[in-house]
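*Asks:* All residue numbers for the sequence shown refer to the working numbering, where the first residue is 18 and numbers rise by one. Just so it is clear, CB atoms sit at the ideal spot from N, CA and C, and this is done for glycine as well. In this text, all values refer to a predicted model and were calculated from it rather than measured experimentally.
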Amino acid sequence: MGGDYGPPVTIPAAIDALGRHAELHLLLAGRHSEIEPYLEQLSDELRQRVTVVDAQQIISNHDRPDSILRSFRDSSMFRAVDLVRQGMADASVSAGNTGALLLAGRHLLKTIPGIAKPAIMAIIPATRPGGYSYLLDVGANISSTARELYQFARMGAVVAQSLSGRPQARVALLNIGAEEIKGTAQIKEAATLLQSCRDINFTGYIEGNQIFDGAADVIVCDGFTGNVTIKTSAGAVKAMQRLMHQSMQRRWYYQLFGWIFKPFFSDLQKNLRPSRYNGAALVGLQGIIVKSHGDADQQGFVHAIEHALKQTRDNVPAMIASRMASASDLTDPSI
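(1) Please classify I228 as buried or exposed, where buried requires at least 16 neighbouring CB atoms within 10 angstroms.
(2) Can you list, in chain order, the residues of its chain whose CB lies under 6 Å from that of F241, leaving out five sequence neighbours each side?
(3) At 3 residues or longer, and completely inside the stretch 201-237: list those beta strand (DSSP E) runs for me, N to C.
(4) Which ranges would you report for the alpha helix (DSSP H) in the stretch 126-158 if only whole runs of at least 4 residues count?
(5) Can you tell me where the alpha helix (DSSP H) holding L86 begins and where it ends?
(6) For T144, count neighbouring Cβ atoms within 10 angstroms of its own Cβ and tell me buried if that reaches 16, exposed if not.
(7) To the nearest angstrom, how far is the alpha carbon of K327 from that of A313?
(8) So what does DSSP say about I322, is it helix, strand or coil?
(9) Go through the stretch 294-341 residue by residue and report every complete run of the beta strand (DSSP E) that reaches 3 residues or more, in order.
(10) On a Cα-Cα basis, can you pick out the residue from G116, S88, Y222, A170 that is closest to P82?
(11) From the DSSP output, in three-state form, read off I41 for me.
(12) Please determine if the stretch 123-136 and the stretch 332-339 are in contact, where contact requires at least 3 C-beta pairs separated by less than 8 Å.
(13) Leaving aside the five residues before and after A106 along the sequence, list all residues of the same chain whose C-beta is less than 6 Å from its C-beta, in chain order.
(14) Contact check, I236 vs L191 under 8 Å by CB: the rounded distance?
(15) Please report how far the alpha carbon of F318 lies from the alpha carbon of N114, in whole angstroms.
(16) Tell me which residues share the same chain as L125 and place their Cβ nearer than 6 Å to its Cβ, disregarding the 5 neighbours each side in the sequence.
(17) Would N295 and H320 be called neighbours here (beta carbons separated by less than 8 Å)?
(18) Could you check the C-alpha separation between P184 and V175 for me, to the nearest Å?
(19) Suppose the cutoff is 7 Å on Cβ atoms and the five residues either side in sequence are ignored; what does the same chain contact list for Q178 look like?
(20) Which runs of the alpha helix (DSSP H) spanning at least 4 residues fall entirely within the stretch 68-115, listed in chain order?
(21) By how many angstroms is the C-alpha of K308 removed from the C-alpha of R37?
(22) Is the stretch 166-173 in contact with the stretch 250-262, if contact means three or more CB pairs nearer than 8 Å?
(23) Would you call D234 buried or exposed, if buried means 16 or more other Cβ atoms sit within 10 Å of its Cβ?
(24) Since R164 is in the alpha helix (DSSP H), which residue starts that stretch and which ends it?
(25) Report yes if the CB atom of A31 is closer than 8 Å to the CB atom of I322, and no otherwise.
(26) So who's on the other strand from A46, going by DSSP bridges?
(27) Reducing DSSP to helix, strand and coil, say where D349 ends up.
(28) Q65 and Q91 - do their beta-carbons sit closer together than 8 Å?
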């Protein structure tokens, strides 16, 4: 029910995903009266794989995130996450208030034993073959200790293995330089921890101008840095597209050039389209939650559902728990 567009996008996207994946069953949390009209044209086979869970409240982006625990327990977001807690659902996908979703996840699902804090892990485009990398944290935590950055790296490697099938994901720390002497004390200490970790393919530091080169599969940073990075990148893409459009309008031969190379520009736009990389995983919880962009279109929301489905198939929380248990000395909160 959440996001910028609500049911007109999320429900058709859910139905689209239902038709693509025969093993998928949907529990749609929201106002029954608003959801049912979208289901009337479904075949009997598809309709049998959909259950509507009535939830009358909607928490908006203008509501305080912590209000979900006090005043919005009958919201579609709270009910959806609670279905995961009860074991009635394997994963929850939402396009709603990010802070509220994170609080609901921590309150209802709890963090995996040994994990200090969950992180939000986003997909970003990359120029190398394969087409994308992962960046975390992108907003769950404003600041992070070295131990937390280390845990983000371990969790990120597990999720990358699940979503992209990369058994030896290359992990790097986002820093202001590649030299060992650069960076904050937390980053330097996290690098030391990762260098001593045998089951992490740690490649060192990566700078901001390299994150789209595909030099690393998993890029780790604190939530403040990650959130600024991903939003600045999105803004830069939009600005570039506007500048190209404005330039095309200035000269008739620019427009001719644009017409000749239209397939090229269409392909470029397709590769840069945010919906292609939609779906950020809330990693570190004892359950699967995927956060969709609030302004995602139908195709983008389908991608978010498919990310949740991939994590469910591999039981990513259990994989993370197993990986963290093998490093119990570094999950001790006293360190």
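*Replies:* Reading it off the structure:
(1) Along the sequence shown, one-based indexing puts residue 228 at 211. When all chains shown are included, I228 counts as buried.
(2) Stepping through the sequence shown from its first residue, residue 241 is reached at position 224. I159.
(3) 218-223, 235-237
(4) none
(5) Here residue 86 refers to the residue found at position 69 when the sequence shown is read from its first residue. Looking at the DSSP string, the run of the alpha helix (DSSP H) that includes L86 is 84-87.
(6) To locate residue 144, count along the sequence shown from 1; it is residue 127. The residue in question, T144, is exposed, as its Cβ has fewer than 16 Cβ neighbours within 10 Å.
(7) As a position in the sequence shown, residue 327 is number 310, starting the count at 1. As a position in the sequence shown, residue 313 is number 296, starting the count at 1. Going from the Cα of K327 to the Cα of A313 covers about 19 Å.
(8) What you label residue 322 is simply residue 305 of the sequence shown in a count that begins at 1. Here I322 sits in helix by DSSP.
(9) 297-300, 305-308
(10) Residue mapping note: residue 82 aligns to position 65 of the sequence shown, counting from 1. If we check each option's Cα against that of P82, G116 comes out closest.
(11) As a working mapping, residue 41 is identified with position 24 in the sequence shown. The sequence shown places Leu at residue 41, rather than the Ile named in the question. Three-state DSSP puts L41 in coil, outside helix and strand.
(12) yes
(13) Within the sequence shown, residue 106 is the residue found at index 89, counting from 1. Within the same chain, A106 has close Cβ partners L44, L100.
(14) Here residue 236 refers to the residue found at position 219 of the sequence shown. Here residue 191 refers to the residue found at position 174 of the sequence shown. Confirmed, about 5 Å.
(15) Position 301 of the sequence shown, counting from 1, holds the residue named residue 318. Position 97 of the sequence shown, counting from 1, holds the residue named residue 114. Taking the straight line from one Cα to the other gives about 15 Å.
(16) The residue given as residue 125 occupies position 108 in the sequence shown. The residues are V98, D99, R102.
(17) Within the sequence shown, residue 295 is the residue found at index 278, counting from 1. Within the sequence shown, residue 320 is the residue found at index 303, counting from 1. For N295 and H320, yes; Cβs fall inside 8 Å.
(18) Here residue 184 is taken as the residue at index 167 of the sequence shown, counted from 1. Here residue 175 is taken as the residue at index 158 of the sequence shown, counted from 1. Computed Cα separation, rounded: 9 Å.
(19) Taking the first residue of the sequence shown as 1, we reach residue 178 at position 161. Correct list, in chain order: P184, A186.
(20) 84-87, 93-102
(21) For the purposes of this step, residue 37 is taken as the residue at position 20 of the sequence shown. For the purposes of this step, residue 308 is taken as the residue at position 291 of the sequence shown. Spanning the two alpha carbons is a distance of roughly 20 Å.
(22) no
(23) Taking the first residue of the sequence shown as 1, we reach residue 234 at position 217. Per the 10 Å Cβ criterion, buried.
(24) Working through the sequence shown from its first residue, we reach residue 164 at position 147. Run containing R164: 163-181, per the alpha helix (DSSP H) assignment.
(25) Residue mapping note: residue 31 aligns to position 14 of the sequence shown, counting from 1. Residue mapping note: residue 322 aligns to position 305 of the sequence shown, counting from 1. Yes, the pair counts as a contact, with Cβ atoms nearer than the cut-off.
(26) Sequence index remark: in the sequence shown, residue 46 carries index 29 (1-based). Paired residues: V70.
(27) Walking along the sequence shown from the start, residue 349 turns up at place 332. Because the pLDDT of D349 is 48, which lies under 50, any placement of that residue in the model is unreliable, and the number read from its coordinates should be weighed accordingly. Coil at D349, not helix or strand.
(28) As a first step, residue 91 must be located in the sequence shown, where it is residue number 74. As a first step, residue 65 must be located in the sequence shown, where it is residue number 48. Note that residue 91 is Asp in the sequence shown, not Gln. Taking 8 Å as the Cβ cut-off, D91 and Q65 do not qualify as a contacting pair.
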